[in-house]
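From first to last, the protein sequence lines stand for chains A and B.
For the first sequence, full-length UniProt numbering begins at 1 and goes up steadily by one.
For the second sequence, full-length UniProt numbering begins at 1 and goes up steadily by one.
For every residue, glycine included, the Cβ atom is placed at its ideal position computed from N, Cα and C.
On a predicted model such as this, the values are computed, not experimentally measured, just so you know.
2 protein chains.
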Amino acid sequence: MGKQATEMLKGTLEGIVLAILSERPAYGYEITAWLRDQGFSDIAEGTIYALLVRIEQRGLVDVQKVPSDKGPPRKVYSLNAQGQEYLQEFWRTWSFLAERLERLRKGGR
Amino acid sequence: MGKQATEMLKGTLEGIVLAILSERPAYGYEITAWLRDQGFSDIAEGTIYALLVRIEQRGLVDVQKVPSDKGPPRKVYSLNAQGQEYLQEFWRTWSFLAERLERLRKGGR
DNA sequence: CCCGCTATTCAGTGTTGCTATGTACCGGTG
DNA sequence: CACCGGTACATAGCAACACTGAATAGCGGG
Chain A
1 MGKQATEMLK
11 GTLEGIVLAI
21 LSERPAYGYE
31 ITAWLRDQGF
41 SDIAEGTIYA
51 LLVRIEQRGL
61 VDVQKVPSDK
71 GPPRKVYSLN
81 AQGQEYLQEF
91 WRTWSFLAER
101 LERLRKGGR
Chain B
1 MGKQATEMLK
11 GTLEGIVLAI
21 LSERPAYGYE
31 ITAWLRDQGF
41 SDIAEGTIYA
51 LLVRIEQRGL
61 VDVQKVPSDK
71 GPPRKVYSLN
81 AQGQEYLQEF
91 WRTWSFLAER
101 LERLRKGGR
């Protein structure tokens, strides 16, 4: 999509990745591919990796190195307890925003 | 709200302001007050003014200086044709994002 | 042997919202 | 009159985040 999407992704992309990880552990390449598949056509590789590093440093995920028979080893991330909590907070913030935007779209005051 | 909101606002705040202006012309101080009233408790004054300057420079709004009997003159902004178009695009991008997030929240794959 | 796919990393850039501060106009109070 | 609070706008500096582009590296096939 356009540049509007780029700016709108700030903050939400992190939540999206955490939500994905809350369903099952995953690694960067896999997540990027899945997002592209879902229509986030222009999400750059580097973006996801940088994001994963950030959430790891914040202690929201646990990491495990797993060998792959198709290339270099994968860094598999899984959401830990603190990450779950953070994700909950994310959904609260998202709901707040989405609610107000939906109200605005309908022309309500 | 927390810092999550700060990042999530990036990109959406612009759309929010444009949506407000699509209902009726308004000036910065008024918009800030309204947003605070709607629960965006920590939106800074300066943020809105900077945003208004940006969208003016991009030609999305028209400006008119209107004297006030309670203080300095107001800069009243109104959405023009180009702004309307940009707002439409914003809603499309927003729908795209909201749809996918809602799907993720429901744990759907 | 090189190419393509898998997989990760990183330096540099632009946009955005926040912080903090400054300017300025007005009316009311002491 | 001096001061203060509410109204109204502007701006310089900062932090966070996603994108660009490139580099590194392992693996298998032509």
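(request) State whether the segment 95-102 of chain A contacts the segment 66-86 of chain A, with contact taken as three or more CB pairs (one from each stretch) at a distance under 8 Å. (result) no
(message) Between which two residues does the beta strand (DSSP E) holding residue 79 (chain A) run?
(response) Its beta strand (DSSP E) spans residues 74-79.
(request) Whole angstroms is fine: what's the gap from residue 90 (chain B)'s alpha carbon to residue 58 (chain A)'s? (result) 32 Å
(message) I'd like to know if the segment 19-30 of chain A and the segment 16-27 of chain B are in contact, where contact means that at least 3 CB-CB pairs between them fall below 8 Å.
(response) In this structure the segment 19-30 of chain A does not lie against the segment 16-27 of chain B, because fewer than three pairs of beta carbons, one per stretch, are closer than 8 Å.
(request) Could you list which residues in chain A have their beta carbon closer than 7 Å to that of residue 38 (chain B), in chain order? (result) 100
(request) Answer yes or no: do residue 61 (chain B) and residue 83 (chain B) have a C-beta to C-beta separation smaller than 8 Å? (result) yes
(message) Tell me which residue opens and which closes the beta strand (DSSP E) that residue 65 (chain A) is part of.
(response) 61-66
(message) Quick check on residue 30 (chain B) - is its C-beta less than 8 Å from some C-beta in chain A?
(response) Against chain A, the CB of residue 30 (chain B) has no partner CB under 8 Å away; the residue lies outside that interface.
(request) Output the boundary residues of the alpha helix (DSSP H) element that contains residue 3 (chain A). (result) 3-9
(message) Within 10 Å of its beta-carbon, does residue 64 (chain A) have 16 or more other beta-carbons around it, so buried, or fewer, so exposed?
(response) exposed
(request) Find the residues of chain A that neighbour residue 123 (chain B), judging by a C-beta separation of less than 8 Å, and give them in chain order. (result) Any question about residue 123 (chain B) goes unanswered here, given that chain B covers just 1 to 109.
(message) For the structure I just gave you, are there three or more beta carbon pairs, one from the segment 1-10 of chain A and one from the segment 8-16 of chain B, closer than 8 Å?
(response) yes
(request) Look at the alpha carbon of residue 85 (chain B) and the alpha carbon of residue 106 (chain B), and state the distance between them as a whole number of angstroms. (result) 32 Å
(request) Mind listing the chain B neighbours of residue 56 (chain A)? Cutoff is C-beta to C-beta under 9 Å, in chain order. (result) Going along chain B, no residue has its Cβ under 9 Å from residue 56 (chain A), so there is no contact; the nearest lies around 18 Å.
(message) In this structure, how does DSSP classify residue 44 (chain A) when only helix, strand and coil are distinguished?
(response) Correct three-state label for residue 44 (chain A): coil.
(message) Quick check on this structure: which residue in A:35, A:29, A:77 and A:53 has the alpha carbon closest to the alpha carbon of residue 103 (chain B)?
(response) A:35
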